[in-house]
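Undergrad: Basically our numbering = 1-based index in the sequence shown + 7.
A virtual CB, placed ideally from N, CA and C, is assigned to each residue, including glycine.
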Amino acid sequence: MFDRAALNAALVEGAGLDLAALAESHPSLFSQAAVAIAPATRQAMADIVAAIESVVALPAWQQRVLAGAPALAQRSTPARSVFFGYDFHLAVDGPKLIEINTNAGGALLNTCLLRAHGETAAAERIEQEIVAMFRAEWQLERGDAPLTRIAIVDENPAAQYLAPEFELFRRLFARNGIAAVIADPAELLRDGERLLYRGEVVDLVYNRLTDFALEAAVNADLQAVFAAGGVVVTPHPRAHALYADKRNLMLLSDPVALSELGVPAATQEILLAGIPRTVAVTAEQGEQFWSARKNWFFKPAAGFGSRATYRGDKLTKRVFEEILQGGYIAQEIVPPSTQTLLVDAVAQDMKLDVRCYTYAARIQLVAARLYQGQTTNFRTPGGGFAPVFAA
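1) Identify the residues that DSSP records as bridge partners of Ala397: which are they?
2) Alpha carbon to alpha carbon, how far is Ala98 from His124?
3) So, helix, strand or coil for Asp151, using DSSP?
4) Answer with buried or exposed for Ser88, where buried requires no fewer than 16 other C-beta atoms within 10 angstroms of its C-beta.
5) Drop a sphere of 10 angstroms on the beta-carbon of Pro102, count the other beta-carbons inside from all chains shown, and report buried for 16 or more, exposed for fewer.
6) So, is Pro262 buried or exposed, given that buried needs 16 or more other C-beta atoms within 10 angstroms?
7) For Thr345, tell me which candidate among Met52, Ala354, Ala397 and Gly206 has the shortest Cα-Cα distance.
8) Please classify Asp100 as buried or exposed, where buried requires at least 16 neighbouring CB atoms within 10 angstroms.
9) Nearest-angstrom Cα distance between Ala13 and Arg122?
10) So, with DSSP's three-state summary, where would you put Ile340?
11) Helix or strand or just coil, what does DSSP make of Lys301?
12) Tell me which same chain residues have a C-beta within less than 8 Å of the C-beta of Lys321, skipping the five on either side of it?
13) Determine the burial state of Gly21: buried for a count of at least 16 other Cβ atoms within 10 Å of its Cβ, exposed for fewer.
14) For the structure I just gave you, are there three or more beta carbon pairs, one from the region 369-380 and one from the region 112-121, closer than 8 Å?
15) Step through the CB atoms of chain C and report whether any lies within less than 7 Å of the CB of Lys324.
16) Enumerate in chain order the residues of its own chain whose CB-to-CB distance from Arg362 is below 6 Å, with the five nearest sequence positions on each side excluded.
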């Protein structure tokens with residue numbers, strides 16, 4: 008059962024945030040609902056994650072997807088990258104992977120929600136796993152050297168919708184003996200091969216930027232120091248290129264491409280059953296896509312979240328002509344599952360997707376997002392993040 012007082016206490020202790028004040032600025036961040044999924048469904052999601060990880064490890068995969076990747080993604084780095092997010096819709100015949108993110112937000116917000124549902128021990132365990140994950144990233148790059156300072160970096164961080172989580176991270180690191188700051192990339196300065204924030208050396212950047220290749224002018228100092236090996240960045244550009252570029256879904260859902268890459272038959276079976284067919288959108292095939300648009304979801308290959316994504320049945324001819332200019336993929340539509348909630352004493356049907364937060368191919372946390380409309384939006388009354396429990 009949802010305990011509002013417990014959620015408020017978690018936010019106050021974790022970030023100095025008051026739930027009532029947060030509800031004014033983020034009224035649909037947290038849902039009071041919980042989502043139940045069968046253990047078999049969770050195992051199927053874990054199997055898809057493991058299958059993808061095994062493919063990404065193949066030299067043939069890395070050679071193929073990195074061929075067109077930005078220069079900084081070519082830089083090999085021992086760090087694995089934190090907070091992969093595998094997003095699923097739950098279909099009748101099993102979970103279907105909609106996309107992969109390499110800077111998935113919301114994990115600490117969801118540990119607060121676990122406390123609101125009486126799962127304090129689980130929340131504490133996951134938070135310690137998160138700290139251990141960042142220490143592991145550091146040790147992969149720097150061995151036994153002490154991790155002293157982390158910068159949590161995003162453009163204009165105070166204005167980001169998930170800014171409350173940045174403070175949760177800052178305080179979590181501090182409680183575990185790691186100084187942490189929340190910074191805009193313009194506040195990071197290069198000093199030779201060191202990265203400085205207000206005169207202090209930054210050891211590790213927790214990267215929440217959506218400039219995945221660090222190509223924007225504001226990221227120049229960060230990019231230069233990272234390229235020189237002077238700072239650990241996680242998630243990093245190579246991980247985005249290997250996992251999260253949406254064009255990768257075209258390969259992962261193509262039996263011919265998987266065979267060419269040397270993917271074993273059993274792994275192919277898991278991927279082809281669990282990933283909706285995804286193809287490039289070309290002007291030459293515009294007529295066919297338009298006539299069959301109700302079967303497709305259109306997404307920018309280099310986009311993130313739900314920005315500039317369109318369900319085919321909601322598409323106007325004008326927007327479709329813009330899509331045909333290039334840079335889009337089309338994914339077969341898998342309708343999300345639904346859950347009925349009482350919102351202000353009125354029954355509401357909510358769509359949901361399920362996110363698996365992973366590190367090193369292991370699922371750390373499973374959470375849901377409830378919404379109405381085309382995409383997850385954190386604007387639906389009664390919607391927002393919700394914990395996932397076993398059915």
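TA: In short, the structure shows the following:
1) For the purposes of this step, residue 397 is taken as the residue at position 390 of the sequence shown. Ile44.
2) Counted from its first residue, the sequence shown places residue 98 at position 91. Counted from its first residue, the sequence shown places residue 124 at position 117. Between Ala98 and His124, the C-alpha separation is close to 26 Å.
3) Position 144 of the sequence shown, counting from 1, holds the residue named residue 151. Note: Asp151 maps to coil in three-state DSSP.
4) Locating residue 88 in the sequence shown gives position 81, where the first residue counts as 1. Buried, because 16 or more other Cβ atoms sit within 10 Å of the Cβ of Ser88.
5) In the sequence shown, counting from the first residue as 1, residue 102 sits at position 95. By the neighbour-count rule (16 or more Cβ atoms within 10 Å), Pro102 is buried.
6) One-based indexing of the sequence shown puts residue 262 at position 255. Exposed is the call here.
7) Against the sequence shown, residue 345 aligns to sequence position 338. Comparing Cα-Cα distances from Thr345 to each of Met52, Ala354, Ala397 and Gly206, the minimum goes to Ala354.
8) Walking along the sequence shown from the start, residue 100 turns up at place 93. Burial call: exposed.
9) Here residue 13 corresponds to residue number 6 of the sequence shown, with the count starting at 1. Here residue 122 corresponds to residue number 115 of the sequence shown, with the count starting at 1. The straight-line gap from Cα to Cα measures roughly 6 Å.
10) Within the sequence shown, residue 340 is the residue found at index 333, counting from 1. Assignment of Ile340 by DSSP, reduced to helix, strand and coil, places it in the coil class.
11) Here the question's residue 301 lines up with position 294 in the sequence shown. Helix, per DSSP.
12) Working through the sequence shown from its first residue, we reach residue 321 at position 314. Excluding positions up to five away in sequence, the list reads Gln381.
13) If you number the sequence shown from 1, residue 21 lands on position 14. The residue is buried, with at least 16 neighbouring Cβ atoms inside 10 Å.
14) yes
15) Considering every chain present, this structure includes no chain C. It has just one protein chain.
16) The residue you call residue 362 lines up with position 355 of the sequence shown. If we look at Arg362 and ignore the five residues flanking it on each side, its Cβ neighbours are Gly92, Asp94 and Ala374.
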